[in-house]
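Undergrad: Below is a structure I'd like to ask you about.
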Amino acid sequence: MLDALTITEAEAAGLSELAALDLAMARDFAARAQAAEDPETANDLARSYQRMARSYRQSLALKVRLQREMVRVARETPPPPPPPPIPRDEARIRARVDELRGPVQRVIWAEHEPADPADLGGDDDLSAYYFDLLEQRLEIAARDNRFGLEPLDDHILAFCRSLALDEVIARSWRDFPDPPDEAFTDPDDDPDPEPDPAQLTWRGSG
Numbered sequence: 790m791l792d793a794l795t796i797t798e799a800e801a802a803g804l805s806e807l808a809a810l811d812l813a814m815a816r817d818f819a820a821r822a823q824a825a826e827d828p829e830t831a832n833d834l835a836r837s838y839q840r841m842a843r844s845y846r847q848s849l850a851l852k853v854r855l856q857r858e859m860v861r862v863a864r865e866t867p868p869p870p871p872p873p874p875i876p877r878d879e880a881r882i883r884a885r886v887d888e889l890r891g892p893v894q895r896v897i898w899a900e901h902e903p904a905d906p907a908d909l910g911g912d913d914d915l916s917a918y919y920f921d922l923l924e925q926r927l928e929i930a931a932r933d934n935r936f937g938l939e940p941l942d943d944h945i946l947a948f949c950r951s952l953a954l955d956e957v958i959a960r961s962w963r964d965f966p967d968p969p970d971e972a973f974t975d976p977d978d979d980p981d982p983e984p985d986p987a988q989l990t991w992r993g994s995g
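Numbers given in the numbering used here equal positions in the sequence shown, counted from 1, plus 789.
Spelled out as structure tokens, the structure:
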């Protein structure tokens, strides 16, 4: 806005500084004029005071005029056009989904690995909960055409924050191993156990 008025920020600050100096000098001349015992000296100081007071008033008037001009320019200047929409790049988005999944899974596993392997897939398995939540969040986030434009490490950290994962672990995700395959296995999806050979023999004998 100041550019439209051909005045820089430094020049605007200088105007305020000049006004402050004018006021300080006007006060000084006024005090000295009132204290002077010699009439001629008092008159000279009074004239100096009047000049400084006038300069101060002019500086204030200029500041008010500039402020009015800035308001007018802001009112008359049309807003900038919105940026053009980002075209969807399905390849970039899918690639970033794959790039995010592994590092965030590492962070989840490092923070929520079950103490007892028997708990994998159970109600107390927080890692399974976060793995599922990660997939849901990835699916939703990938609907945004801007998905994957930021640097990968920044994106990993932001995604971990959105899942309330430990930021210290997230920043060091390369130092942690991938979760084992068993961490992604749902016990309810296991195939039926092998039939008892004795039962097969009994059924066959009938």
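Note that CB positions come from ideal geometry on N, CA and C, so glycine has one too.
1. Return helix, strand or coil for Asp866, following the three-state DSSP convention.
2. Under the rule that 16 or more other beta-carbon atoms within 10 Å means buried, what is Tyr918, buried or exposed?
3. Should Gln823 go down as buried or exposed, given a rule of 16 or more other Cβ atoms within 10 Å for buried?
4. Under three-state DSSP, which class holds Glu800?
5. Which residues in the same chain have their Cβ closer than 7 Å to the Cβ of Phe818, if we skip the five residues on either side of it in sequence?
6. I'd like to know whether the C-beta atoms of Arg952 and Arg926 end up nearer to each other than 8 Å.
7. If contacts are defined as beta-carbon pairs under 8 Å, then Ile882 and Leu923 qualify, I think. What distance do you get, rounded to the angstrom?
8. Can you give me the C-alpha to C-alpha distance between Leu812 and Pro869, rounded to a whole angstrom?
9. Along the chain, where does the alpha helix (DSSP H) that runs through Pro892 open and close?
10. For the alpha helix (DSSP H) that Leu915 lies in, which residues bound it at each end?
11. What three-state label does DSSP hand Phe998 in the structure shown?
12. Could you round the C-beta distance between Arg950 and Glu956 to whole angstroms and report it? I think they count as a contact, below 8 Å.
13. Taking C-alpha atoms, which residue in Arg895, Gln856, Ser916 and Ala809 lies nearest to Pro966?
14. Secondary structure at Ala825, three-state DSSP: helix, strand or coil?
15. Please state whether the Cβ-Cβ distance between Glu900 and Leu954 is less than 8 Å.
16. How long is the line joining the alpha carbons of His944 and Leu889, rounded to whole angstroms?
17. Put Asp964 into one of helix, strand or coil per three-state DSSP.
18. Closer than 6 Å by C-beta to Pro968: which residues in its own chain qualify, once you throw out the five before and the five after it? Chain order, please.
TA: On the basis of the data shown:
1. First, the amino acid is wrong: residue 866 is Thr here, not Asp. Coil, per DSSP.
2. exposed
3. exposed
4. helix
5. Leu834, Ser837, Tyr838 and Met841
6. It is worth fixing the name first, because residue 952 is Leu in this sequence and not Arg. Yes. Within cutoff.
7. Not a contact, Cβ separation roughly 16 Å.
8. 40 Å
9. Glu879 to His901
10. Leu915 to Ala930
11. This structure does not reach residue 998, given that the chain is present from 790 up to 995, and the question cannot be answered.
12. 7 Å
13. Arg895
14. coil
15. yes
16. 8 Å
17. helix
18. Gln894 and Trp898
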